[in-house]
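Asks: For the sequence shown, our numbering assigns the number 24 to the initial residue and increments by one for each residue that follows. All C-beta atoms in this analysis are idealised placements derived from N, C-alpha and C, irrespective of residue type, glycine included.
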Amino acid sequence: NTCIENSATVLCEEDSCDDGVVGMALWALSQADDLSLAWTLVEHAPAASSVSLGALLSACERRGMLDEELRLWDRLCHHGLHSVAMNAKVLRLFEVGKVDSARMELQAAASAGMFDKISKALWHVCGAPVQHVPCAMRLPAFGEPHEKELRLLAHVLQHAQMGDAASVCQEVERFGREILAPAGQWLKIAGAEKADVLVEALRTAPTTGRAGICWVLEVGTYCGYSAVRMAMSRPNCHVVSIEADPACVAIARSIAAFAGLSHVVTVWTGHSQDVLPWLSMTNAATRFGALFLDQRGARFSTDLAVLEASGLLLPGAVVIADNVLKPGAPAYLWHMVYGGDYTTHIVSVKEFAMPDTEDWMSVSYYHPLHPEILRRATPPLVIRRLEWEADRIRMRAQACGIGSGVGFSEWSRFAKDMRHRLAQFDIAPIPSGAPWKREKK
Numbered sequence: 024n025t026c027i028e029n030s031a032t033v034l035c036e037e038d039s040c041d042d043g044v045v046g047m048a049l050w051a052l053s054q055a056d057d058l059s060l061a062w063t064l065v066e067h068a069p070a071a072s073s074v075s076l077g078a079l080l081s082a083c084e085r086r087g088m089l090d091e092e093l094r095l096w097d098r099l100c101h102h103g104l105h106s107v108a109m110n111a112k113v114l115r116l117f118e119v120g121k122v123d124s125a126r127m128e129l130q131a132a133a134s135a136g137m138f139d140k141i142s143k144a145l146w147h148v149c150g151a152p153v154q155h156v157p158c159a160m161r162l163p164a165f166g167e168p169h170e171k172e173l174r175l176l177a178h179v180l181q182h183a184q185m186g187d188a189a190s191v192c193q194e195v196e197r198f199g200r201e202i203l204a205p206a207g208q209w210l211k212i213a214g215a216e217k218a219d220v221l222v223e224a225l226r227t228a229p230t231t232g233r234a235g236i237c238w239v240l241e242v243g244t245y246c247g248y249s250a251v252r253m254a255m256s257r258p259n260c261h262v263v264s265i266e267a268d269p270a271c272v273a274i275a276r277s278i279a280a281f282a283g284l285s286h287v288v289t290v291w292t293g294h295s296q297d298v299l300p301w302l303s304m305t306n307a308a309t310r311f312g313a314l315f316l317d318q319r320g321a322r323f324s325t326d327l328a329v330l331e332a333s334g335l336l337l338p339g340a341v342v343i344a345d346n347v348l349k350p351g352a353p354a355y356l357w358h359m360v361y362g363g364d365y366t367t368h369i370v371s372v373k374e375f376a377m378p379d380t381e382d383w384m385s386v387s388y389y390h391p392l393h394p395e396i397l398r399r400a401t402p403p404l405v406i407r408r409l410e411w412e413a414d415r416i417r418m419r420a421q422a423c424g425i426g427s428g429v430g431f432s433e434w435s436r437f438a439k440d441m442r443h444r445l446a447q448f449d450i451a452p453i454p455s456g457a458p459w460k461r462e463k464k
């Protein structure tokens, strides 16, 4: 412990502290049975971002360490998330039946000025005394972490109708289309045409149990738009979603709560590589009829392989992947087209709120073959090169320290080039209006 404390002190010195390094160290320490070393690093890294804290929060969630989980949400309350993190904390207390504790948190939040429309709704649900409490969500300053996502939530709270999921989705799209796009900013959601593809595909997903529940797994929650769209797409639809960034987890839980869908949308914190194996061990009775992949494209094949091996996918499950042209997921498309156990249709769509830019979504049906005859196609060198290029431009777009950002016109050129090069391997979208079929190849 002393060695870790000394290392943490050096690592987190003001002049040398790198949040990425802190995040990687916290992820490694969060894999241990004893999390005390991870907590030591947290105490020595007061400016650690929500992304860096995500691995430890995920470990606490998966291990049922509620007190430690709430302690991290407290920390996030005072690191720019304010009422959003507080609401996430209160929602967790509701989930575990600690209504009195939830009421006390809300009362403290009201006194501290961390109270918004969701806080007010939770206030009434827990039976707190009726009184006037000012509702105001603090808007972030330009350039603050998660500025765009917090502005989105504030827009939804101001303009959407509470309890009306369709109204919530409409306002999320309006924010991306009318507020961000004219300013050259982009909201990464599966909106407009993409939402239509997502909903249509989900209608073909198999169900489980006598109640006919359609269990959907989403990898990459972001702000919760697609989770809400999927949950409202058909009766008895339950969405389990995974998101690595606690700030986005809190925002997504707020969006789902405001839409009135918290009872059918569950958002877990963590990276897919940590959460998916845990799901396979703890959710043995739940098998998913649909999977929506909306994380980094390079992870699509790896995460899908984990789900296949664990038996979490129902035979005939529909697997939808977004952004398989832009930035692209060439290796994943190769596997889905030539791997042998999927019937795959690639659908060309207009990218949401990005003028003159094409993207693809893939819709695949799972037909598991016997392991002895399953073909695992190895992507050729050109496909692996395309995968590298897709990751490169994705990192630039996310401002990960590689060059400048990516403008709308560059995205359009990149998508056209990717389409042309994939066509050389007969990887192309279906004709417009062609039906999606489930039969085996």
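So for glycine 269, helix, strand or coil by DSSP?
Replies: Here residue 269 refers to the residue found at position 246 when the sequence shown is read from its first residue. At residue 269 the sequence reads proline, which differs from the glycine that was named. Helix at proline 269.
Asks: Could you give the distance in angstroms between the alpha-carbon of leucine 145 and the alpha-carbon of methionine 137?
Replies: One-based indexing of the sequence shown puts residue 145 at position 122. One-based indexing of the sequence shown puts residue 137 at position 114. Answer to the nearest angstrom: the Cα atoms are 13 Å apart.
Asks: Can you have a look at glycine 87 and say buried or exposed, based on whether 16 or more other CB atoms are within 10 angstroms of its CB?
Replies: Here residue 87 corresponds to residue number 64 of the sequence shown, with the count starting at 1. Exposed.
Asks: Unbroken beta strand (DSSP E) runs of length 3 or more, entirely within the segment 220-268: which are they?
Replies: 237-242 and 260-266
Asks: Classify threonine 244: buried if its beta carbon has 16 or more other beta carbons within 10 angstroms, exposed otherwise.
Replies: Along the sequence shown, one-based indexing puts residue 244 at 221. Looking at its Cβ environment, which holds 16 or more other Cβ atoms inside 10 Å, threonine 244 is buried.
Asks: According to DSSP, simplified to helix, strand and coil, what is lysine 211?
Replies: Against the sequence shown, residue 211 aligns to sequence position 188. The three-state secondary structure of lysine 211, taken from DSSP, is coil.
Asks: For phenylalanine 375, count the other beta carbons within 10 Å of its own beta carbon; 16 or more makes it buried, fewer makes it exposed. Which is it?
Replies: Locating residue 375 in the sequence shown gives position 352, counting from the first residue. By the 10 Å Cβ count, phenylalanine 375 comes out buried.
Asks: Kindly indicate the opening and closing residues of the alpha helix (DSSP H) around glutamate 433.
Replies: Locating residue 433 in the sequence shown gives position 410, counting from the first residue. From DSSP, the alpha helix (DSSP H) with glutamate 433 extends over 431-446.
Asks: Where does the unbroken beta strand (DSSP E) through aspartate 382 begin, and where does it stop?
Replies: As a first step, residue 382 is located in the sequence shown; it is residue number 359 there, counting from the start. Element bounds for aspartate 382: 381-389.
Asks: Classify leucine 162 as buried or exposed, calling it buried when 16 or more other Cβ atoms lie within 10 Å of its own Cβ.
Replies: The residue you call residue 162 lines up with position 139 of the sequence shown. With fewer than 16 other Cβ atoms inside 10 Å of its own Cβ, leucine 162 counts as exposed.
Asks: Using three-state DSSP, classify proline 338 as helix, strand or coil.
Replies: Taking the first residue of the sequence shown as position 1, residue 338 is located at position 315. Three-state DSSP puts proline 338 in a strand.
Asks: Give the DSSP-derived three-state secondary structure of aspartate 41 in the structure shown.
Replies: Here residue 41 refers to the residue found at position 18 of the sequence shown. Coil at aspartate 41, not helix or strand.
Asks: Report all residues from its chain with a CB closer than 6 Å to the CB of histidine 169; omit the five preceding and five following residues, and keep chain order.
Replies: As a first step, residue 169 is located in the sequence shown; it is residue number 146 there, counting from the start. Closer than 6 Å at Cβ, skipping near neighbours: Ala270.
Asks: Counting pairs of beta carbons, one from the segment 239-254 and one from the segment 186-198, are three or more of them closer than 8 Å?
Replies: The segment 239-254, when compared against the segment 186-198, does touch it at the 8 Å Cβ threshold.
Asks: Near leucine 356, which residues of its chain fall below 6 Å by C-beta distance, leaving aside the five closest residues on each side in sequence?
Replies: Position 333 of the sequence shown holds residue 356. Excluding sequence neighbours, leucine 356 sits near Val347 and Ile450.
Asks: Taking Cβ to Cβ, would you say isoleucine 406 is nearer than 8 Å to proline 353?
Replies: The sequence position of residue 406 within the sequence shown is 383, counting from 1. The sequence position of residue 353 within the sequence shown is 330, counting from 1. Closer than 8 Å, so yes.
Asks: Near alanine 108, which residues of its chain fall below 7 Å by C-beta distance, leaving aside the five closest residues on each side in sequence?
Replies: Taking the sequence shown and counting its residues from 1, the one referred to as residue 108 is at position 85. Excluding positions up to five away in sequence, the list reads Trp96, Leu99, Cys100 and Ala273.
Asks: Glycine 207 CB to nearest chain B CB: under 8 Å?
Replies: Considering every chain present, this structure includes no chain B. It has just one protein chain.
Asks: Under 8 Å, with one C-beta from each stretch per pair, do the segment 299-313 and the segment 325-332 reach the 3-pair mark?
Replies: Of all C-beta pairs linking the segment 299-313 to the segment 325-332, three or more are shorter than 8 Å, placing the two stretches in contact.
Asks: Apart from the five residues on each side of it in sequence, which residues of its chain come closer than 7 Å, Cβ to Cβ, to serine 190?
Replies: The residue labelled residue 190 in the question sits at position 167 within the sequence shown. Counting only Cβ-Cβ distances below 7 Å, and skipping sequence neighbours, we find Ala183 and Gln184.
Asks: How many Å lie between valine 119 and serine 277 at the Cα?
Replies: By 1-based counting over the sequence shown, the position of residue 119 is 96. By 1-based counting over the sequence shown, the position of residue 277 is 254. Going by the C-alpha atoms only, they are around 17 Å apart.
Asks: Examine the ligand ADP and report whether any of its heavy atoms sits within less than 7 Å of the Cβ of tyrosine 245.
Replies: In terms of ligand content, the structure shown is empty, and the ligand ADP therefore cannot be addressed.
Asks: According to DSSP, is valine 370 part of a helix, a strand, or is it coil?
Replies: Indexing the sequence shown from 1 puts residue 370 at position 347. Valine 370: strand per DSSP, three-state reduction.
Asks: Hey, out of Gly312, Gln181, Val251 and Asp317, whose CA is closest to threonine 289's CA?
Replies: In the sequence shown, the residue the question calls residue 289 occupies position 266. Minimum Cα distance to threonine 289 is reached at Val251.
Asks: Could you check how far apart the C-beta atoms of glycine 320 and proline 350 are, in whole angstroms? I think they sit under 8 Å.
Replies: Your numbering for residue 320 matches position 297 in the sequence shown. Your numbering for residue 350 matches position 327 in the sequence shown. Right, the Cβ-Cβ distance comes to about 6 Å (below 8 Å), so this counts as a contact.
Asks: Would you identify the three-state DSSP class for phenylalanine 375, choosing helix, strand or coil?
Replies: The residue given as residue 375 occupies position 352 in the sequence shown. Correct three-state label for phenylalanine 375: coil.
Asks: Closest to phenylalanine 437 by C-alpha separation, out of Ser455, Leu409, Ile453 and Gln421, would be which residue?
Replies: Taking the first residue of the sequence shown as position 1, residue 437 is located at position 414. Checking every option, the nearest Cα to that of phenylalanine 437 belongs to Leu409.
Asks: In the DSSP output, what is leucine 316 paired with across the bridge?
Replies: The count along the sequence shown starts at 1 and reaches residue 316 at position 293. Leucine 316 is bridged to Val242 and Ala344.
Asks: So, methionine 160 versus serine 73, is the Cβ gap smaller than 8 Å?
Replies: Translated into the one-based positions of the sequence shown, residue 160 becomes position 137. Translated into the one-based positions of the sequence shown, residue 73 becomes position 50. Not closer than 8 Å, so no.
Asks: Classify phenylalanine 281 as helix, strand or coil using the three-state DSSP reduction.
Replies: Here the question's residue 281 lines up with position 258 in the sequence shown. Phenylalanine 281 falls in the helix class under three-state DSSP.
Asks: Taking a contact to mean a Cβ-Cβ separation below 8 Å, would you say alanine 78 touches tryptophan 50 in this structure?
Replies: Residue mapping note: residue 78 aligns to position 55 of the sequence shown, counting from 1. Residue mapping note: residue 50 aligns to position 27 of the sequence shown, counting from 1. It is a contact, given that the beta carbons lie within the stated cut-off.
Asks: Who pairs with threonine 292 in a beta bridge, going by DSSP?
Replies: As a first step, residue 292 is located in the sequence shown; it is residue number 269 there, counting from the start. For threonine 292, which the question treats as bridged, DSSP gives the partners Glu266.
Asks: Please report the Cβ distance between serine 385 and threonine 366, rounded to the nearest whole angstrom; I am assuming they are in contact, meaning their Cβ atoms lie under 8 Å.
Replies: Taking the sequence shown and counting its residues from 1, one reaches residue 385 at position 362. Taking the sequence shown and counting its residues from 1, one reaches residue 366 at position 343. Not confirmed; about 11 Å, so no contact.
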